[in-house]
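Taken in sequence, the protein lines are chains A and B. So for the first sequence, my numbering puts the first residue at 1; every next one is plus one. So for the second sequence, my numbering puts the first residue at 1001; every next one is plus one.
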Amino acid sequence: MVPIEHVLIFNAIMFCIGMYGVMARRNGVLVLMAIELMLNAVAINLVAFSSRIDPVGGSGIVFAIFVITIAAAELGLGLAIVLRVYRMRTSVNVDEVDFMRW
Amino acid sequence: MDLGAAVFYAVAAATIVASLGVVVTRSVVYSALLLILALALTGLVYLLLLSDFLALVQILVYGGTVSILLLFALMLTRPRESPVLNHSGWPLAALGAVLTLGTLVFAVVTTSWGDLARTFASSASTAERTARSAAPARLGPEELGTALFTTWAVPFEIASVVLLVALVGSLLVARASEDSEAVSEAEPLPGPQSQAEAGA
């Protein structure tokens, strides 16, 4: 059985990779993909807590289901916004989307 | 080291390599395909953490729908010029990510998880404890469904409302520009009324 520390460190690495992607990428679709990576790392963390600390409660797994639900909703909405921006600007680079700045 | 642990470490290493590929590769299509690989491997990690229902959900939701959605979005937003995928400040982003990683690993290593598990087990009431000893070690879809519709019924309903709002909102955002474009394109042309008059 893998100790929980190793699972958590694995997810910390995955989360930080996603964080780097969010900060470094210019393409809006790639930023959304990196956000998916971060949400996935958090969901695995919740499942690891569920299986190692509270093996019969199941709260962690239910939380992971909610994370997956919200991630799907967020991705659909985010891609709709990216498509809209692309129609207005013919570009999906997040640093060029500055028309809401005052 | 037993076989399960060896498989877990192999899958974890493959997932990390695939995730790294998502954020460093120069082609957006490779990035999307590597993301699908990383998400499928995440399903395998769920399986190794003994939650088979979640593994199924992961493969269905991410492997089935999210990957199609991402690939469609990439096809619909092809940039004109040769794209520069990273900001000029990406070394700063890498530094921030590495610092966060250091903090997280420090927090994980210095916390005593065994004590936490023992505290959690001892804080449970006697009724819960007897339920725990009677319950099976693995949580199947049946137990999860019961938990979802009893203990977590209110969050479940809120999640359904969130999904509905996201569906309607994304439809509105994606449709509105089409309508305005259609109007602006139709303006210089003669309208259907004048055409009808000309026909008369």
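Beta carbons: idealized from backbone N, C-alpha and C, even for Gly.
(message) Please report the distance separating the alpha-carbon of residue 1186 of chain B from that of residue 90 of chain A.
(response) Annotation note: pLDDT 44 at residue 1186 of chain B (below 50); position unreliable, coordinate value reported separately. When rounded, the distance between both Cα atoms is 21 Å.
(message) If you reduce the DSSP assignment to three classes, tell me which class residue 25 of chain A lands in.
(response) The answer is strand: DSSP assigns residue 25 of chain A an E or B state.
(request) Check the Cβ-Cβ distances between residue 1005 of chain B and every residue of chain A, and say whether any is below 8 Å. (result) yes
(request) Would you kindly work out how many angstroms separate the C-alpha atoms of residue 1207 of chain B and residue 36 of chain A, rounded to a whole number? (result) Because chain B spans 1001 through 1200 in this model, residue 1207 of chain B falls outside it and cannot be assessed.
(message) I'd like to know whether the C-beta of residue 1015 of chain B is nearer than 8 Å to at least one C-beta of chain A.
(response) yes
(message) Against residue 1148 of chain B, what residues of chain A qualify as contacts under a CB-to-CB distance less than 8 Å, listed in chain order?
(response) 62 and 65
(message) Just checking: is the beta-carbon of residue 1153 of chain B within a distance shorter than 8 Å of some beta-carbon in chain A?
(response) For residue 1153 of chain B, the closest Cβ of chain A is not nearer than 8 Å.
(message) Distance cutoff 8 Å, beta carbons only. Does residue 1040 of chain B sit that close to anything in chain A?
(response) no
(request) Tell me, please, which residues DSSP counts as bridged to residue 93 of chain A. (result) A:27
(message) Taking beta-carbon pairs under 9 Å, can you tell me which members of the region 3-20 of chain A lie near chain B?
(response) Residues 3, 4, 5, 6, 7, 8, 9, 10, 11, 12, 13, 14, 15, 16, 17, 18, 19 and 20.
(request) Closer than 8 Å by C-beta to residue 22 of chain A: which residues in its own chain qualify, once you throw out the five before and the five after it? Chain order, please. (result) For residue 22 of chain A, where only same-chain residues beyond five positions count, the Cβ hits under 8 Å are 31, 34, 35 and 38.
(request) Using only alpha-carbon positions, find the residue among A:97, A:52 and A:43 that is nearest to residue 1120 of chain B. (result) A:52
(request) Have a look at residue 79 of chain A and residue 1073 of chain B and give me their C-alpha separation to the nearest angstrom. (result) 7 Å
(message) Taking the alpha carbon of residue 1170 of chain B as the reference point, which residue from A:94, A:72, A:95 and A:98 has its own alpha carbon closest?
(response) A:72
(request) With a threshold of 16 other CB atoms inside 10 Å of the CB of residue 24 of chain A, please say whether the residue is buried or exposed. (result) buried
(message) Relative to the C-alpha of residue 1002 of chain B, which candidate in B:1026, B:1017 and B:1048 has its C-alpha closest?
(response) B:1048
(message) Run through chain B and tell me which residues come within less than 7 Å of residue 40 of chain A, C-beta to C-beta.
(response) 1039 and 1042
(request) Note down the Cα distance separating residue 1093 of chain B from residue 54 of chain A, rounded to an integer number of angstroms. (result) The alpha-carbon of residue 1093 of chain B is positioned some 36 Å away from that of residue 54 of chain A.
(request) Going by DSSP, name the residue or residues bridged to residue 1086 of chain B. (result) A:25
(request) Count the other CB atoms, across all protein chains shown, that sit within 10 Å of the CB of residue 20 of chain A; report buried if there are 16 or more and exposed otherwise. (result) Counting the other Cβ atoms within 10 Å of the Cβ of residue 20 of chain A gives 16 or more, which makes it buried.
(message) Just to make sure I have the definition right: I need the residues of chain A whose C-beta is within less than 7 Å of the C-beta of residue 1143 of chain B. Which are they?
(response) 58
(message) Between which residues of its own chain and residue 1136 of chain B is the CB-CB distance below 7 Å, once the five residues before and five after are set aside?
(response) Annotation note: pLDDT 48 at residue 1136 of chain B (below 50); position unreliable, coordinate value reported separately. Closer than 7 Å at Cβ, skipping near neighbours: no residue.
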